[in-house]
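Just so it is clear: in the sequence shown, position 79 is 69 by our numbering, and no numbers are missing. No residue lacks a Cβ here, since even glycine has one placed at the ideal position from N, Cα and C. Beneath this line is the structure, given in structure tokens, with notes to follow.
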Amino acid sequence: MQNKHFVIALCSENSAKIKATKEICSLTFCNFSLGCYAVSSGVSETPDSDEEALVGCHQRIENLLSELNGEADLIIALEGLTEKNSFGTFLYGWAVLKQVSSGKIFYGCSGKIMLPDDVASGLSRNRKLSYLVLEKFNSIPKEDLERLGTNGVLTDGMYTRSDEFSTALRCALGSMIAEQNAMNL
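Pasting the structure below:
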């Protein structure tokens, strides 16, 4: 996108989220800087619905927006969640982007990974999924879990947490680009 320098703020200091954001933003923007901030979502440790995860993303964005005083072009919030339906319990993530100048919001969602029954049965809204996975897969070093995420542990590295958020960001940024392209027609 253009040669303008974009200032991007990520509502997280999580390494998988940072990696995904750097990767996808480098495909989208020729010139950008990325600031990473620890921002509370105000929702449970492991949201269990799209609604809760998206509310968490919006709250992160609004909390950071008030701190930045308009000193960013784009604010990104990423939220992982689980959702149970009649087919099983699935792990996935959302990306929410806010263009600061226009106030427009764009959304993207990742692919979903079905959780094993013994992991799904131990889920709790007030507990990080990663703690449960460390208990269930006690042969997995904590460093591997941090590097791969639950997704990566369950898929033996085939689809990592960083991949999850890369996919969600591709979809959200794709929506933003599509809208800009439509405006330029």
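List the whole-angstrom C-beta distance separating residue i from residue j, where the pair is believed to meet the contact cut-off of C-beta under 8 Å.
{"i": "Glu57", "j": "Ser156", "result": "Actually they are not in contact, since the Cβ atoms of Glu57 and Ser156 sit about 26 Å apart, beyond 8 Å."}
{"i": "Gly98", "j": "Cys161", "result": "3 Å"}
{"i": "Leu113", "j": "Leu122", "result": "7 Å"}
{"i": "Leu87", "j": "Leu17", "result": "With a Cβ gap of about 14 Å, Leu87 and Leu17 do not count as contacting."}
Take the Cβ of residue i as the centre, count every other Cβ of all protein chains shown within 10 Å, and call the residue buried at 16 or more, exposed below.
{"i": "Leu54", "result": "buried"}
{"i": "Asn131", "result": "Before going further, note that residue 131 is Pro rather than Asn in the sequence given. Exposed, by the Cβ-count rule."}
{"i": "Asp153", "result": "buried"}
{"i": "Asn(-7)", "result": "exposed"}
{"i": "Ile51", "result": "buried"}
{"i": "Arg151", "result": "buried"}
{"i": "Ser30", "result": "exposed"}
{"i": "Glu41", "result": "exposed"}
{"i": "Gly142", "result": "buried"}
{"i": "Ala43", "result": "buried"}
{"i": "Ala28", "result": "exposed"}
Nearest-angstrom Cα distance between residue i and residue j?
{"i": "Gly83", "j": "His48", "result": "14 Å"}
{"i": "Ser120", "j": "Ser165", "result": "30 Å"}
{"i": "Met104", "j": "Ala172", "result": "36 Å"}
{"i": "Gly176", "j": "Lys102", "result": "This structure does not reach residue 176, given that the chain is present from -9 up to 175, and the question cannot be answered."}
{"i": "Asn75", "j": "Ala6", "result": "27 Å"}
{"i": "Ser39", "j": "Ala168", "result": "27 Å"}
{"i": "Leu175", "j": "Thr140", "result": "42 Å"}
{"i": "Cys20", "j": "His(-5)", "result": "8 Å"}
{"i": "Gly147", "j": "Ser23", "result": "29 Å"}
{"i": "Thr145", "j": "Leu135", "result": "12 Å"}
Could you tell me which of the options sits nearest to residue i, measuring between CA atoms?
{"i": "Leu71", "options": "Val45, Gln89, Asn59 and Asn174", "result": "Val45"}
{"i": "Ala85", "options": "Ala43, Ala158, Ile103 and Thr150", "result": "Ala158"}
{"i": "Arg115", "options": "Ala10, Pro37 and Lys7", "result": "Pro37"}
{"i": "Gly25", "options": "Arg160, Gly32 and Thr11", "result": "Thr11"}
{"i": "Ser34", "options": "Tyr27, Arg117 and His(-5)", "result": "Arg117"}
{"i": "Gly60", "options": "Tyr27, Leu144, Met148 and Val(-3)", "result": "Val(-3)"}
{"i": "Tyr149", "options": "Lys126, Ser129, Ser100 and Phe127", "result": "Ser100"}
{"i": "Gln170", "options": "Leu138, Lys126, Gln89 and Lys9", "result": "Gln89"}
For chain C, is any of its Cβ atoms less than 9 Å away from the one on residue i?
{"i": "Tyr121", "result": "The chain labelled as chain C is not found in the depicted structure, where only one protein chain is given."}
query = Three or more C-beta pairs closer than 8 Å, one from the region 88 to 97 and one from the region 107 to 126: is that the case here?
reply = A contact between stretches requires three or more CB pairs, one per stretch, nearer than 8 Å, and the region 88 to 97 fails this requirement with the region 107 to 126.
query = Taking three-plus beta-carbon pairs below 8 Å as touching, is the region 46 to 66 in contact with the region -1 to 16?
reply = Here the region 46 to 66 makes contact with the region -1 to 16; the two share three or more CB pairs at distances below 8 Å.
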